[in-house]
Amino acid sequence: MAEIFAATPLLMMMMATTTTTSRATMPLGKGNGNGSVTSLAGLQLLLGMFAAVAVAQAAKFNIRTHDDAVQAHEECREANHVPDDIYEKFLNYEFPDHRRTKCYVKCFVEKMGLFTERKGFIENAIIAQFTTNNFHNLEAVRHGLEKCIDHNEAESDVCTWANRVFSCWLPINRHVVRKIYG
């Protein structure tokens, strides 16, 4: 059920913004003599269409839980042969420089549905994952994405790419990640 309503906080914020907006003018060729009419209903219709698209996009992504994160950590630890002392830091969402870190991070974000080798980081999935239960996280999550997302213009190997972006985004959102994944 959570996957269907993953965009709900975003939609609530958009609707709240709409109700605080006093008027929106939309050119319709008729109206008050200057070629436009004031139409809050038109703006709400446009936002409704946007909301339908956002819900459809979010419905493709399954929100991950603390248990999913634990399982992903365990699987990535095994796959990357991570030593105990480094693994303990990973569990706290601290990713120190270590020869295993980059591919561990790539493994983790892939298993959590936030990254693919072909597309890179999936921004809608990240927003849905970290704002579903608390839309107040939206500003920090989006700020991190705007600051950090790249499309591997540097043509790095996929582990380096995933680690570079996640290591940039995580300090801005570590509190959100820890709250969601525990």
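For what it's worth, my numbering labels the leading residue of the sequence shown as 834, then goes sequentially. Here a beta-carbon is modelled for each residue, glycine too, at the ideal position from N, C-alpha and C.
Is T965 helix, strand or coil by DSSP?
-> Annotated three-state conformation of T965 is coil, per DSSP.
Report back the beta-carbon spacing between E999 and N957 to the nearest angstrom; my notes put them in contact at under 8 angstroms.
-> Looking at the sequence provided, one finds Phe at residue 999 rather than Glu. In this structure, F999 and N957 do not form a Cβ contact; the two beta carbons are roughly 17 angstroms apart against a cut-off of 8 angstroms.
A885 classed as buried or exposed, judged by whether at least 16 other C-beta atoms fall within 10 angstroms | Model confidence at A885 stands at a pLDDT of 47, short of 50, so the residue's coordinates are unreliable and nothing is read from them.
The region 932 to 947 touching the region 969 to 988, judged by at least three CB pairs closer than 8 angstroms = No, the region 932 to 947 is not in contact with the region 969 to 988.
Residue nearest to E943 in terms of C-alpha spacing, selected from A973, A961, H976, H906 = Out of A973, A961, H976, H906, H906 has the C-alpha closest to the C-alpha of E943.
Of the choices W994, V1009, R951, whose alpha-carbon is the least far from that of F963?
-> Among W994, V1009, R951, the Cα nearest to that of F963 belongs to V1009.
Determine the direct distance from the alpha carbon of P929 to that of I955, and round the result to whole angstroms.
-> Our two residues, I955 and P929, have alpha carbons roughly 24 angstroms apart in a direct line.
What does DSSP give as the partner residues of T949 in its beta bridges?
-> Its beta-bridge partners are G953.
Span separating the alpha-carbon of N970 from that of A995 | Going by C-alpha positions, N970 is about 22 angstroms away from A995.
Candidates I1013, V991, W1002: closest to T949 by CA position = The residue with the shortest Cα to Cα distance from T949 is V991.
May I have the straight-line CA-CA distance separating E911 from D918, to the nearest angstrom?
-> So the alpha carbons of these two residues sit roughly 14 angstroms apart.
Note down the Cα distance separating R932 from T993, rounded to an integer number of angstroms.
-> One C-alpha to the other measures close to 11 angstroms.
Rounded to a whole number of angstroms, what is the C-alpha to C-alpha distance between T965 and V915?
-> Roughly 31 angstroms separates the two Cα atoms.
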